[in-house]
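Worksheet for the structure shown next.
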Ligand SMILES: *Cc1c(COP(=O)(O)O)cnc(C)c1O
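Numbering (my numbering), first residue to last: 491 to 920.
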């Protein structure tokens, strides 16, 4: 049977896979498949573990909404005490709608529009994480139009290599993210001369799915150098935001322990008494969720055995996009040994629509499979490609389950296209 140790709240009971005290077969029966399933216990434990590690300091854990912005999950996190890291006005609207506190919101992202900045200023967010000089002037202009002050931090690029996938390395010198380390002092000096800008913090975010502690330590040390230099120039930094990026176990990775992470950082922070901010996404929600799918057909080609399932790259794009590994396990465990190495593929018309290749499974049509670790960047990156509806999401707690988003209907899919144009004669007839 699959080793479930790295995946919290999953267990086999009488050969049946359970999440908390709910059988996944039952969930498939009630809600259909494909289905995203989340464990509230796993989510709340992950959040509490993070906040407990930094309990000795004034700390704000700003969950990265882009990992999974479902309103119910945001509401639960807000009640647990979380703040939020957003990258668009849409994400801010999600947070506000879910009852999140705008005074715990930091706004990251390289392309903030004027409308987004004005919306965030009016919402009175905690801080803008500025990613370029041009953005500084845009925020200043918006704040002065509103006769307000914008709280800002610069996202500095410490130029450390997080040794993760190139698409999710964000803190290198040539990255589109953040401002180059060497220009940071100049930018803070310029910002300090602007009437409607209040310098609050400094931040960095070096990448995602990081399992080595050293890049975080290096990044912190570089940021601390800057804080010292700014102090000499009379510029005070009241918070330090170290971003997110902590990795989880997908296959056999050993994640950084939060106590080791906190210890390594806190032992270097004696000289800084301000607030600490973190922006974890994946670490909070990644292993709290799975994607439940049903096998439609088995198909045998000379070199491959395919298990064609009802979930696809539109539901989970990480394997196609980053060549990412997700553990795939049987929901009903067969006592006979795994029969074949299957390529688990979806119905989408793309060769790249692979959810997992060469997986040892004992699978029959109609069987359910659980694709693990899909809480982060699963539903959040889903699409309607091939006119597929986005799947329902269900939150489980103990023996209860709650629908937290409904499967899209066909009407939902075409709604935006029902414009006046469709009521007029076709162009080919005019
Ligand atoms: C994506 C992102 C995060 C969250 O990253 P995780 O790897 O999910 O922790 C945090 N901060 C910023 C600025 C991001 O872009």
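Glycine included, C-beta positions come from ideal geometry on N, C-alpha and C.
- For residue 737, the CB contacts under 8 Å within the same chain, skipping 5 residues up- and downstream, are 654, 698, 699, 700, 701, 743, 745, 746, 772 and 773 in chain order.
- When secondary structure is reduced to three states using DSSP, residue 585 falls in the helix class.
- The C-beta distance from residue 600 to residue 573 rounds to 21 Å, too long to fall under 8 Å, and the pair is not in contact.
- Shown here for residue 857: same chain residues with a beta carbon closer than 8 Å to its own, the five before and five after excluded, namely 784, 785, 820, 821 and 822 in chain order.
- Rounded to the nearest whole angstrom, the C-alpha separation of residue 897 and residue 735 is 30 Å.
- In the three-state scheme derived from DSSP, where H, G and I count as helix and E and B as strand, residue 876 is classed as helix.
- Secondary structure of residue 794 (DSSP, three-state): coil.
- In the DSSP assignment, residue 647 falls within the beta strand (DSSP E) that extends over 640 to 647.
- If you check the CB distance, residue 555 and residue 585 come in under 8 Å.
- Distance between residue 530 and residue 894, taken at the CA atoms: about 12 Å.
- Per DSSP, the beta bridge partners of residue 729 are 691 and 765.
- Cα atoms of residue 615 and residue 597: separation of roughly 8 Å, rounded to the nearest angstrom.
- For residue 550, the CB contacts under 7 Å within the same chain, skipping 5 residues up- and downstream, are 573, 594, 765 and 767 in chain order.
- Residue 507 sits in a strand when the DSSP states are folded into three classes.
- Taking non-hydrogen atoms of ligand 1 into account, the C-beta of residue 643 is found less than 7 Å away from none of them.
- Taking 7 Å as the cut-off, the C-beta of residue 556 counts as close to a heavy atom of ligand 1.
- For residue 584, the shortest separation between its Cβ and any heavy atom of ligand 1 does not lie below 7 Å.
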